[in-house]
Structures are given as C-alpha cells and as structure tokens.
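Numbering (this note's numbering), first residue to last: 404 to 582.
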Amino acid sequence: MLDFPNRLKEKRKNKGYTQEQMSKLLDIGQSAYAKWENGRTEPTLENIVKLSKILDTSTDELLGRQVNFGDRIIFDISKYDLSNLKNFSEQEIYDLKATIVLELLDESTNTLAVKNRLTIKNKLDKDEESILDALLTESKTFADEIIAFDKFRKSQKSFKWPWQKNNNNLTTKDSNNIK
404 MLDFPNRLKE KRKNKGYTQE QMSKLLDIGQ SAYAKWENGR TEPTLENIVK
454 LSKILDTSTD ELLGRQVNFG DRIIFDISKY DLSNLKNFSE QEIYDLKATI
504 VLELLDESTN TLAVKNRLTI KNKLDKDEES ILDALLTESK TFADEIIAFD
554 KFRKSQKSFK WPWQKNNNNL TTKDSNNIK
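What follows is the structure, encoded as structure tokens:
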C-alpha cells in the first residue's frame with residue numbers, strides 16, 4: 404500500500420502533470436510541492452481538496468483512507484463545530500463525511516440544505532466553504548450509491564448474469580451449451 408507522497412506522485416504522473424505544472428495549478432512554489440512528494444511536509448486540508456480536484460480523485464483515495472463508519476460520528480450534523488475546518492484531522496474529516504452521508508440518506512435532505520445549515524451556523528469563509536463543497540460532493544456520491552443499492556434490494560428484482568436466459572437459472576456449465 405502506498406503512502407501519501409507516493410500516491411500523490413503516482414496520481415500526478417497518471418494525469419501527465421509535472422511538479423512544476425502542479426505547483427502552478429495550486430499557486431504554490433515548486434519546491435513546496437516537491438516536499439509533499441518527498442514526504443518532508445504535508446499539504447493543508449485546503450490543498451488536499453485542491454489536489455483531489457486537479458487529480459480527479461476523492462480526498463479519501465488521495466489520502467489512502469476508507470471511511471470506517473462508527474468511528475466518532477456525531478449523528479446530529481447541526482452539532483458539528485466547523486469553525487476550524489481547515490485544521491481538521493483526517494479522522495475528523497472522515498467522521499464529518501460519515502455524518503453527512505447519514506444526513507443525506509434521508510431522501511428529503513439535499514446537499515444544498517446541509518451546506519446552508521453548516522455554512523450559516525459556522526460562518527465559513529470562502530476556503531472553508533470550498534472544503535465543505537468537496538466533502539459534500541464525495542458524501543453525496545456515496546449516499547446515492549447506498550440509496551440505489553437499497554432500492555434495488557427492495558425491488559426484489561432478480562439479477563441475471565449474462566449467461567442466464569429468460570427466467571431460467573442456468574449454471575455456467577449450461578451456458579456453455581447455448582447456441
């Protein structure tokens with residue numbers, strides 16, 4: 404498993420960017436960017452969000468982390484204090500994302516409503532709002548996948564493999580004999 408500097412370098416190269424191009428896109432010095440890839444310093448949360456957008460990936464993937472539900476989730480999103488969002492630890496970010504996902508699983512709630520509640524309550528500045536937007540986008544994608552899976556599960560539709568014909572449940576051996 405790759406650590407952050409190596410994941411960053413790999414994703415940058417996969418996108419065809421040089422360190423110099425990345426530093427210009429991020430509006431930082433090339434030596435500052437190089438230090439991230441060397442592991443000598445770490446980017447701020449604000450820059451991690453920018454990196455994920457430039458590299459077309461999630462912050463989770465960039466950081467090599469999967470959300471573990473049940474960490475330290477506050478189930479009432481309005482109780483979150485985001486006044487220090489820029490300095491949230493990785494764990495605090497994942498806990499917030501998990502809470503947002505849970506909030507969005509209520510299909511009557513949308514990302515704009517969540518954003519408005521959190522932005523107004525916490526008086527977020529432009530940078531913090533940008534971070535929140537990225538977290539909301541990633542959380543919305545995950546919540547939508549959960550909702551779609553749940554609807555499929557409840558529909559009681561049977562999944563058919565490509566080798567299944569009509570309603571017959573063919574085995575792989577049977578499918579080899581279909582002409």
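Ideal Cβ placement from N, Cα and C applies to all residues, glycine included.
Query: Residue from Thr522, Gly419, Gly442 and Thr502 whose Cα sits closest to the Cα of Phe545; Result: Thr502
Query: Those runs of the alpha helix (DSSP H) which lie wholly inside the stretch 476-528 and span at least 4 residues; Result: 493-507 and 514-525
Query: Simplified DSSP state of Arg443, which is helix, strand or coil; Result: coil
Query: C-beta atoms of Leu429 and Ile496 nearer than 8 Å; Result: no
Query: Inter-stretch contact (C-beta, 8 Å, three-pair minimum) for the stretch 528-542 and the stretch 481-501; Result: yes
Query: Three-state secondary structure assigned by DSSP to Thr460; Result: coil
Query: Cβ-based burial, Asp509 [other Cβ within 10 Å; buried from 16]; Result: exposed
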